[in-house]
Amino acid sequence: METLNRSIAPEFKKVEEVRVPAISSLTLPNGQPLYWINAGQQPVIRLEIIFDAGAWYEPLPGVSNLTLKMLAEGTRARSSAEISEYLDRYGAFLEQHSGTDRASLTIYSLAKHLGAILPLVQEMLTDSIIPEKELNNQKNITLQNLRVNLEKNNYVAGQLIREKVFGKSHPYSHSQKPETLEAIHRETIETLYDHRIRNRPFRIVLAGHVTEVELALVERYFGHQPVEIPLSSDGTAVQPLSETEPVLVDKKDSLQSSIRLGRQLFTRTHPDYFPMLVLNEVLGGYFGSRLMKNIREEKGLTYGIWSNVSTFPRAGYLIIGTDVKREFTQLTLDETWKEIRLLRDQPVPAGELQTVKNYMAGSYVGSLNTPFEIADRYKSILFDGVSTDFISSYIERIRAVTADHVQEMANRYLTDGSLIEVVVGGK
Amino acid sequence: MIRYEHFVLNNGLKVYVHEDPTTPMAAVNILYNVGSRDEDANKTGFAHLFEHLMFGGSKHIPSYDEPLQKVGGENNAFTSPDITNYYITLPSANLETAFWLESDRMLGLSFDPTVLDVQQKVVIEEFKQRYLNQPYGDVWLKLRPLAFKVHPYRWATIGKDISHIENATMDDVKGFFYKYYLPNNAILVVAGNVTVEQVKQLCRKWFEPIPAGAPYVRNLPQEPEQTEARFLETEAEVPLNAIYKAFHMPGRFTDAYYRADLLSDVLGRGKSSRLYRRLLKEQHLFTSISAHVLSSLDPGLLIVSGSLNQGIRPEEADAAIEEVLKEAVEQSIPEEEVSKVKNQTEATLVFSEVELLNRAMNLAFAANAGDVGNVNREADRIQAITPDDLQAIARQVLRKENSSTLYYRAA
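Chains as they are written, first to last, in this note's numbering: chain G, 1 to 427; chain V, 1001 to 1411.
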């Protein structure tokens, strides 16, 4: 038997393509679009109903989130307890999400129970009564959870960096405070419900075991209600503004500091998007990144350090974050800047760049494994104005980024003083 | 339903293959039959520290992560009281890279002192980040030693104390590796766009040459029956009072386990559960409350926990919880309520099989516990539970003298 040489890596293939099922669509009789992905082996379904709500459309931070929560807290026909009881009886899970520019109500259900669940969902969207008592209950729960979160350095640091990057008045930096929560009344919620949800435009995305049966059910319950376009767009067209002063929140009892460094970037349609993604990956986007190697794997200053590019429909930002032993705060900041300067001064070596691109390609394909993940990826094409070949050309576009591009990005976006610094803990 | 094939290598490594040609990916999951329950009481946190060292280079391969990233793969690992589990997902075309990496670190580690030194620091920061620098982060550090007096479940997987991690030596590391990281003390699951033949061939090439070691025979002190209620109070700079109640219950994969699990759902799963509805919605005593079970292999715990509404004293909240528990003991749970929690469990099981990696892990956990077939029997075993079964398990578990209660007071 030939001896096995364990020092040599096996041959491998580069991932060059992404294969995902196409998304199908139709227009419901009331003009609202229905999209679906039929994929996966399990008899499950996810139904997502998406509205033009979220931070962009709310008068105060937290209003949209609370409105979505209140959809499950009482309709004309059913009390809050009856709604939970009904969903649980079918083992269905309800999820409410309020993001920057959209809000959604999502149901996860076994396909066989979809027909039983949809009438209730329809009721929530058209017939919610927002009972005062349940609202006070929800406000109190939200307030108490918020008080716990405000004790967490990383939570506070996350709030502060968004405020600094986008400016306090920008919807993208909306974060709940006890006083903003206090200022929300039943009328505030009702107005958002009327202007953004009840009989307002929506989009439906189905994923999982989708057949004619499920499509017919969706049409039956959501295809016929009248839909009115809201008069005003309500959206506040605030120009995001960055502040540059470093922020230090001193917490004398903290063993660790939460550090955030951030700046505004752009949306996914910007020409620098893909080269910036690669730069971010090299710097702190994966376990083998330069920041992880230096700060965790060589110096042991932290459990983890990462950088991340986030994009929304109207803007985007970059954040570097970590929690470190308090006395290493300055050292971590210095070392982070050292790594950034290195990326500005020298091109990323060919081998490292190759590894990063291969990793990004593989993890992209790996992130499209379930019908839900596939549907989520399509949403940015459907709703954010990203080109239709975004998924299929993703790998090619990553592969096209050169070491020169990466260096150019570092010199364009990561200059000295370009990142706002937030430290919660001590320095 | 998860389909699988099974074979055993000459060195005792048990292999399970789950073919799913609909994905372009493969998942490779290696479970080592060692967890924090196997640790020395004076060297706790070691199984988890060791997990970190598994990424610090192996016998022939200086870096574990980089070659995997190069072929588009991702990996991670976790340690529990019962097991240490390592997993990779990668494009199935590059499956062999996973075999190369995993077999080499099963064969031997670099045992580099610098790696030990750095990972001790990293784990200490993890200890602080997750357990000390978070509101309520130290709950399990207090609740475990209250509920367990003898069984090694009495310490948390992160360890009893930071000093245990600081004091670990290279001799400890080597001893641990050669005792537990053996082919005959592990389960390999390969899932995704792979074939059984291909996996067999790769196993013979990469894993079979690794010598078996002396079998590890687990002989842990079992927890004696608790005979009186235990109680502990602690105080910290947190915004709200909280309460935690732990009851001893049977271990995973036994019939009684499923009954206790379903009972915990009746009590505190979701917004229609008894605790949520009565104590949060109706009486406004809590701002969160739930019940769940620890799915440990040795007899574990049923936990009821909640955060108290402002101004509510723990004594008052505790009495209200006791009322709800008492009713489950004294009165039969209505058929309709039982069928509700069964439906919830059914949906959870089906959804847990959507992800390829979860299917691989479910196989590994069941195989490690002694019978892989359990993975596909859970749904039926749960459906078979009757209201009488639930009342019987409530009588057995929800007794005062079987309880440990922790009041976590806001300073």
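A virtual CB, placed ideally from N, CA and C, is assigned to each residue, including glycine.
Coil, strand or helix - residue i by DSSP
i, result
"I45 (chain G)", "strand"
"K1059 (chain V)", "coil"
"K357 (chain G)", "helix"
"A1229 (chain V)", "coil"
"N30 (chain G)", "coil"
"V20 (chain G)", "coil"
"K1271 (chain V)", "coil"
"I1289 (chain V)", "strand"
"P347 (chain G)", "coil"
"H195 (chain G)", "helix"
"A400 (chain G)", "coil"
"I1333 (chain V)", "coil"
"P1221 (chain V)", "coil"
Cβ-Cβ distance between residue i and residue j below 7 Å
i, j, result
"L1308 (chain V)", "A1317 (chain V)", "yes"
"R1259 (chain V)", "D1388 (chain V)", "no"
"P201 (chain G)", "E1096 (chain V)", "no"
"E1102 (chain V)", "A1077 (chain V)", "no"
"R198 (chain G)", "T126 (chain G)", "yes"
"S1404 (chain V)", "A1246 (chain V)", "yes"
"S1058 (chain V)", "L1109 (chain V)", "yes"
"E281 (chain G)", "V356 (chain G)", "yes"
"L1031 (chain V)", "Q1119 (chain V)", "no"
"L1325 (chain V)", "L1398 (chain V)", "yes"
"V1329 (chain V)", "V1266 (chain V)", "no"
Boundaries (first-last residue) of the beta strand (DSSP E) holding residue i
i, result
"K325 (chain G)", "316-325"
"L1406 (chain V)", "1403-1410"
"N308 (chain G)", "302-311"
"Y1016 (chain V)", "1014-1019"
"I1187 (chain V)", "1186-1192"
"Y1032 (chain V)", "1025-1032"
"A1246 (chain V)", "1242-1249"
"G1306 (chain V)", "1300-1308"
"F1007 (chain V)", "1005-1008"
"F93 (chain G)", "93-98"
Short CB-CB distance (under 7 Å) between residue i and chain G
i, result
"D1112 (chain V)", "no"
"G1057 (chain V)", "no"
"A1093 (chain V)", "yes"
"D1413 (chain V)", "Chain V is shown only over 1001 to 1411; residue 1413 (chain V) falls outside these bounds and no answer can be derived."
"P1021 (chain V)", "no"
"T1254 (chain V)", "no"
"P1135 (chain V)", "yes"
"S1272 (chain V)", "yes"
"F1231 (chain V)", "no"
Residue i - containing alpha helix (DSSP H), residue span
i, result
"Y86 (chain G)", "80-89"
"M1170 (chain V)", "1170-1180"
"F166 (chain G)", "153-166"
"E1051 (chain V)", "1046-1053"
"R1381 (chain V)", "1378-1383"
"N145 (chain G)", "132-149"
In DSSP terms, what residue i is bridged to
i, result
"S109 (chain G)", "G:I45"
"I420 (chain G)", "G:G262"
"H209 (chain G)", "Paired residue(s): none; H209 (chain G) is not in a bridge."
"T1079 (chain V)", "V:T1084"
"D250 (chain G)", "G:G425"
"T1234 (chain V)", "V:Y1408"
"W36 (chain G)", "G:S24, G:L206"
Minimum Cβ-Cβ distance from residue i to chain V less than 7 Å
i, result
"L66 (chain G)", "no"
"I141 (chain G)", "yes"
"E82 (chain G)", "no"
"K293 (chain G)", "no"
"V247 (chain G)", "no"
"D376 (chain G)", "no"
"V165 (chain G)", "no"
"D334 (chain G)", "no"
"D210 (chain G)", "Residue identity check: residue 210 (chain G) is Val in the sequence provided, not Asp. Cβ-Cβ to chain V under 7 Å: no for V210 (chain G)."
"R13 (chain G)", "Sequence check: residue 13 (chain G) is Lys here, not Arg. Yes, contact with chain V."
"Q144 (chain G)", "yes"
"Y317 (chain G)", "no"
Contact test: residue i Cβ vs the ligand ATP heavy atom, cutoff 6 Å
i, result
"Y172 (chain G)", "What this structure holds is no ligand at all, so the ligand ATP is not there to describe."
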